[in-house]
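Heads up, the sequence shown is in our numbering, so the first residue is 26 and it goes up one at a time. Ideal placement from N, C-alpha and C gives every residue a C-beta, glycine not left out.
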Amino acid sequence: MPSRSFIIRTKLRPPRRPADLVARPELVQRLDADRHRFALIAAPAGYGKSTLLGLWSEAWTGSAAWLSLDEGDNDPAVFLAHLAAALDRASPGDFELLTELGGSAEAPSPRLLAGVLGNEVLDLEQPVLLVLDDYQSITTPLIHEFLDELLAQRPEGLTLAIGTRRDPPLRLGALRA
């Protein structure tokens with residue numbers, strides 16, 4: 026399991042805004058106004074998914090946690106350590122049990138992990154936006170199971186946003202608006 030010193034901190038913040046950014050505030054306003062508990066932004070490379078999610082996280086009223094994913098995050102222990110670090114960066118000290126689990130030798134079951142995250146979100150005074158960008162990099166079934174569990178539990182106060190180049194292998198049927 027990676028220790029806190031092995032966390033890649035650049036993965037915990039949105040990419041810089043492009044210099045030639047075409048402002049589309051209506052898209053951010055639409056995401057923010059609807060306050061869905063799940064947002065899936067799927068489009069090919071270069072369509073502005075990360076930029077839109079970054080702008081939304083800046084405008085978010087509450088805590089916003091960001092995690093840019095890559096192939097290395099297919100190791101459940103690495104994924105969990107970075108997830109815990111992203112949430113702790115957004116809301117320091119509020120995700121103690123999740124952070125503790127992120128430092129353990131093995132990742133817990135997807136159901137337990139989703140329950141722990143949900144319980145810790147319920148204890149917060151403000152809503153949390155959790156952005157998982159470049160989700161197409163994730164191929165590990167255990168991580169997909171965790172997100173399925175998290176979406177099934179739908180903890181009050183948590184909004185999950187996924188940026189991806191293709192629809193993820195998650196059970197999204199009941200969530201589609």
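Reduced DSSP category for T189 - H, G, I as helix; E, B as strand; rest coil: What you label residue 189 is simply residue 164 of the sequence shown in a count that begins at 1. Strand at T189.
Beta-carbon within less than 7 angstroms of T164's beta-carbon, same chain only, minus the 5 sequence neighbours each way: which residues are those? Position 139 of the sequence shown, counting from 1, holds the residue named residue 164. Hits under 7 angstroms: N99.
Which of the three DSSP states, helix, strand or coil, is assigned to A111? Residue mapping note: residue 111 aligns to position 86 of the sequence shown, counting from 1. Helix at A111.
If we count the other Cβ atoms within 10 Å of its Cβ and call it buried at 16 or more, is E16 buried or exposed? The question about residue 16 has no answer, for the chain in this structure spans 26 to 202.
Is it true that the CB of H169 sits closer than 8 angstroms to the CB of P194? Counting from one through the sequence shown, the residue named residue 194 turns up at place 169. Counting from one through the sequence shown, the residue named residue 169 turns up at place 144. Yes, the pair counts as a contact, with Cβ atoms nearer than the cut-off.
By how many angstroms is the C-alpha of L112 removed from the C-alpha of A106? Within the sequence shown, the letter at position 81 stands for residue 106. Within the sequence shown, the letter at position 87 stands for residue 112. So the two alpha carbons sit approximately 10 angstroms from each other.
Which first and last residues belong to the alpha helix (DSSP H) in which A68 is found? Translated into positions along the sequence shown, residue 68 becomes position 43. That residue, A68, is in no alpha helix (DSSP H); it is neither H nor E in DSSP.
By the DSSP assignment, the alpha helix (DSSP H) with V141 in it spans what residues? On the sequence shown, residue 141 is found 116 positions in, with the first residue counted as 1. Taken as a continuous stretch (DSSP letters only), the alpha helix (DSSP H) holding V141 covers P135 to L147.
Take every Cβ of the stretch 33 to 53, pair it with every Cβ of the stretch 172 to 182, and state whether three or more of those distances are shorter than 8 angstroms. no
Rounded to the nearest angstrom, how far is the Cβ of A216 from that of F120, given a contact under 8 angstroms? In the structure as shown, the chain begins at 26 and stops at 202. Residue 216 is therefore absent and cannot be evaluated.
Look at the alpha carbon of L37 and the alpha carbon of F104, and state the distance between them as a whole number of angstroms. Start at 1 with the first residue of the sequence shown, and residue 37 comes out as number 12. Start at 1 with the first residue of the sequence shown, and residue 104 comes out as number 79. Taking the straight line joining both Cα atoms gives about 12 angstroms.
Look at the alpha carbon of W91 and the alpha carbon of A115, and state the distance between them as a whole number of angstroms. In the sequence shown, counting from the first residue as 1, residue 91 sits at position 66. In the sequence shown, counting from the first residue as 1, residue 115 sits at position 90. Whole-angstrom Cα-Cα distance: 8 angstroms.
Can you find the residues in the same chain that come closer than 6 angstroms, C-beta to C-beta, to Q161, ignoring five residues on each side of it along the sequence? Walking along the sequence shown from the start, residue 161 turns up at place 136. By the criterion of a C-beta distance shorter than 6 angstroms, Q161 is surrounded in its chain by T189, R190 and R191, once the five residues flanking it on both sides are discounted.
Local conformation of D95 per DSSP, three classes: What you label residue 95 is simply residue 70 of the sequence shown in a count that begins at 1. Three-state result, D95: coil.
Using a Cβ-Cβ cutoff of less than 8 angstroms, which residues in the same chain neighbour D148 once the five nearest sequence positions on both sides are dropped? Counting from one through the sequence shown, the residue named residue 148 turns up at place 123. Only D119 meet the Cβ criterion.
Alpha carbon to alpha carbon, how far is A139 from P152? Taking the first residue of the sequence shown as 1, we reach residue 139 at position 114. Taking the first residue of the sequence shown as 1, we reach residue 152 at position 127. One C-alpha to the other measures close to 17 angstroms.
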